[in-house]
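For the sequence shown, the working numbering assigns the number 221 to the initial residue and increments by one for each residue that follows. Idealized CB from N, CA, C, for every residue including glycine. Given the structure is predicted, the values throughout are model-derived calculations rather than measurements. Here's the structure we're looking at; comments come further down.
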Amino acid sequence: GATGWLAVGEHFHRDYETQGCLTAQAAQDSLVRRVIEEYSGDSRTMIGSLVKEAPEQLTPELIVRAARGGEKLALQAVIGHCHWLGRGLANLISLLNPEAIVLDGELGQALSPFLEEIREEAQRWAQPDSARTCRIVIATIKKHAELLGAARLALGSAG
(Lines of atoms letter the chains of each structure in order from A; the text may use other names.)
(Lines give C-alpha, C1' and ligand atoms only; values in the text may rest on other atoms or scores of the structure.)
Protein backbone atom coordinates (compact mmCIF):
# COMPACT_ATOMS: atom_id res chain seq x y z
CA GLY A 221 0.00 0.00 0.00
CA ALA A 222 0.84 3.65 -0.03
CA THR A 223 0.15 5.10 3.40
CA GLY A 224 1.17 8.58 2.23
CA TRP A 225 -1.93 8.66 0.06
CA LEU A 226 -4.36 8.38 2.98
CA ALA A 227 -6.94 11.15 2.67
CA VAL A 228 -6.81 12.84 6.05
CA GLY A 229 -7.67 16.38 4.99
CA GLU A 230 -10.96 18.13 4.54
CA HIS A 231 -10.07 20.03 1.37
CA PHE A 232 -8.14 18.74 -1.62
CA HIS A 233 -4.91 20.59 -2.49
CA ARG A 234 -2.93 20.38 -5.73
CA ASP A 235 0.15 18.90 -4.06
CA TYR A 236 -1.93 15.85 -3.06
CA GLU A 237 -1.99 14.86 -6.75
CA THR A 238 1.71 14.07 -6.79
CA GLN A 239 2.46 12.94 -3.25
CA GLY A 240 -0.76 12.11 -1.46
CA CYS A 241 -2.51 13.93 1.37
CA LEU A 242 -0.73 12.36 4.36
CA THR A 243 2.69 12.81 2.77
CA ALA A 244 1.93 16.44 1.93
CA GLN A 245 0.77 17.15 5.47
CA ALA A 246 2.90 14.93 7.72
CA ALA A 247 6.18 14.11 5.98
CA GLN A 248 9.48 15.73 6.82
CA ASP A 249 9.31 18.50 4.18
CA SER A 250 5.82 19.52 5.27
CA LEU A 251 7.09 20.66 8.68
CA VAL A 252 9.47 23.12 7.03
CA ARG A 253 6.73 24.24 4.64
CA ARG A 254 4.32 24.71 7.55
CA VAL A 255 6.80 26.99 9.38
CA ILE A 256 7.31 29.10 6.27
CA GLU A 257 3.54 29.35 5.62
CA GLU A 258 2.80 30.32 9.24
CA TYR A 259 5.61 32.90 9.46
CA SER A 260 4.12 36.26 10.45
CA GLY A 261 7.13 38.46 9.71
CA ASP A 262 8.59 38.40 13.22
CA SER A 263 12.31 37.80 12.79
CA ARG A 264 13.27 38.24 16.46
CA THR A 265 13.45 34.46 17.00
CA MET A 266 15.93 31.99 15.56
CA ILE A 267 13.31 30.30 13.37
CA GLY A 268 11.75 33.61 12.32
CA SER A 269 15.15 34.96 11.35
CA LEU A 270 15.93 31.82 9.32
CA VAL A 271 12.59 31.98 7.50
CA LYS A 272 13.31 35.59 6.57
CA GLU A 273 17.04 35.35 5.78
CA ALA A 274 17.87 31.73 4.92
CA PRO A 275 14.82 29.44 4.62
CA GLU A 276 16.95 26.79 2.89
CA GLN A 277 18.72 26.25 6.22
CA LEU A 278 15.51 25.22 8.01
CA THR A 279 15.43 21.54 8.90
CA PRO A 280 12.79 19.52 10.73
CA GLU A 281 15.29 18.75 13.51
CA LEU A 282 16.07 22.46 13.98
CA ILE A 283 12.36 23.31 14.08
CA VAL A 284 11.65 20.59 16.66
CA ARG A 285 14.59 21.76 18.76
CA ALA A 286 13.23 25.34 18.67
CA ALA A 287 9.77 24.04 19.60
CA ARG A 288 11.23 22.20 22.58
CA GLY A 289 12.78 25.51 23.60
CA GLY A 290 9.37 27.17 23.49
CA GLU A 291 9.73 29.17 20.28
CA LYS A 292 6.11 29.97 19.38
CA LEU A 293 6.24 29.62 15.58
CA ALA A 294 8.15 26.34 15.79
CA LEU A 295 5.90 24.97 18.53
CA GLN A 296 2.75 25.85 16.60
CA ALA A 297 4.09 24.13 13.47
CA VAL A 298 5.25 21.01 15.35
CA ILE A 299 1.91 20.63 17.17
CA GLY A 300 0.08 20.98 13.84
CA HIS A 301 2.40 18.41 12.33
CA CYS A 302 1.78 15.99 15.21
CA HIS A 303 -1.96 16.34 14.69
CA TRP A 304 -1.69 15.45 11.00
CA LEU A 305 0.55 12.50 11.82
CA GLY A 306 -1.79 11.36 14.60
CA ARG A 307 -4.78 11.41 12.23
CA GLY A 308 -2.87 9.37 9.67
CA LEU A 309 -1.91 6.83 12.33
CA ALA A 310 -5.54 6.73 13.49
CA ASN A 311 -6.56 5.54 10.04
CA LEU A 312 -3.96 2.77 10.15
CA ILE A 313 -5.04 1.78 13.64
CA SER A 314 -8.70 1.65 12.63
CA LEU A 315 -8.04 -0.32 9.46
CA LEU A 316 -5.34 -2.73 10.58
CA ASN A 317 -5.74 -2.99 14.37
CA PRO A 318 -1.98 -3.32 14.96
CA GLU A 319 -0.43 -4.07 18.35
CA ALA A 320 2.05 -1.24 17.84
CA ILE A 321 3.16 1.45 15.44
CA VAL A 322 6.85 2.30 15.52
CA LEU A 323 7.93 5.75 14.38
CA ASP A 324 11.46 6.09 13.07
CA GLY A 325 13.55 8.09 10.68
CA GLU A 326 15.03 11.50 11.36
CA LEU A 327 11.67 13.14 11.89
CA GLY A 328 10.23 10.31 13.96
CA GLN A 329 13.22 10.47 16.25
CA ALA A 330 13.09 14.27 16.43
CA LEU A 331 9.39 14.20 17.38
CA SER A 332 10.09 11.97 20.38
CA PRO A 333 9.40 14.79 22.90
CA PHE A 334 5.99 15.30 21.26
CA LEU A 335 5.00 11.62 21.17
CA GLU A 336 2.15 12.16 23.62
CA GLU A 337 0.64 14.79 21.31
CA ILE A 338 0.72 12.26 18.44
CA ARG A 339 -0.78 9.52 20.63
CA GLU A 340 -3.62 11.76 21.85
CA GLU A 341 -4.56 12.78 18.32
CA ALA A 342 -4.45 9.17 17.11
CA GLN A 343 -6.64 8.07 20.02
CA ARG A 344 -9.10 10.89 19.36
CA TRP A 345 -9.65 9.76 15.75
CA ALA A 346 -9.12 5.97 15.78
CA GLN A 347 -11.65 3.24 16.44
CA PRO A 348 -11.75 3.21 20.28
CA ASP A 349 -11.06 -0.49 20.95
CA SER A 350 -8.17 -0.55 18.48
CA ALA A 351 -6.79 2.73 19.82
CA ARG A 352 -6.75 1.38 23.39
CA THR A 353 -4.69 -1.66 22.43
CA CYS A 354 -2.25 -0.07 19.97
CA ARG A 355 1.01 1.33 21.32
CA ILE A 356 2.68 4.17 19.42
CA VAL A 357 6.39 4.24 20.15
CA ILE A 358 9.66 5.65 18.84
CA ALA A 359 12.11 3.10 17.44
CA THR A 360 15.02 2.22 19.67
CA ILE A 361 16.68 -0.39 17.44
CA LYS A 362 18.54 1.24 14.58
CA LYS A 363 20.53 -1.36 12.73
CA HIS A 364 18.58 -4.11 10.94
CA ALA A 365 15.31 -3.31 12.72
CA GLU A 366 13.21 -4.71 9.87
CA LEU A 367 15.14 -7.99 9.94
CA LEU A 368 14.73 -8.32 13.70
CA GLY A 369 11.00 -7.65 13.35
CA ALA A 370 10.65 -10.26 10.60
CA ALA A 371 12.57 -12.79 12.70
CA ARG A 372 10.33 -12.12 15.71
CA LEU A 373 7.25 -12.53 13.54
CA ALA A 374 8.57 -15.78 12.08
CA LEU A 375 9.43 -17.16 15.51
CA GLY A 376 6.01 -16.21 16.86
CA SER A 377 4.18 -18.00 14.05
CA ALA A 378 6.41 -21.09 14.16
CA GLY A 379 5.00 -22.21 17.51
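Legend entry - Contacting residues, own chain, Cβ-Cβ under 7 Å from residue 413 (five flanking each side not counted): In the structure as shown, the chain begins at 221 and stops at 379. Residue 413 is therefore absent and cannot be evaluated.
Legend entry - Segment contact flag, the region 310-317 with the region 270-280, C-beta cutoff 8 Å, min 3 pairs: no
Inset, instruction - List the whole-angstrom C-beta distance separating residue 283 from residue 305, where the pair is believed to meet the contact cut-off of C-beta under 8 Å. - result: So it is not a contact: roughly 14 Å between Cβ atoms.
Legend entry - Neighbour-count burial assignment, residue 234, 16 or more Cβ in a 10 Å radius: exposed
Inset, instruction - State yes or no: is the C-beta of residue 298 within less than 8 Å of the C-beta of residue 322? - result: no
Legend entry - residue 320 - partner residues in DSSP beta bridges: 355
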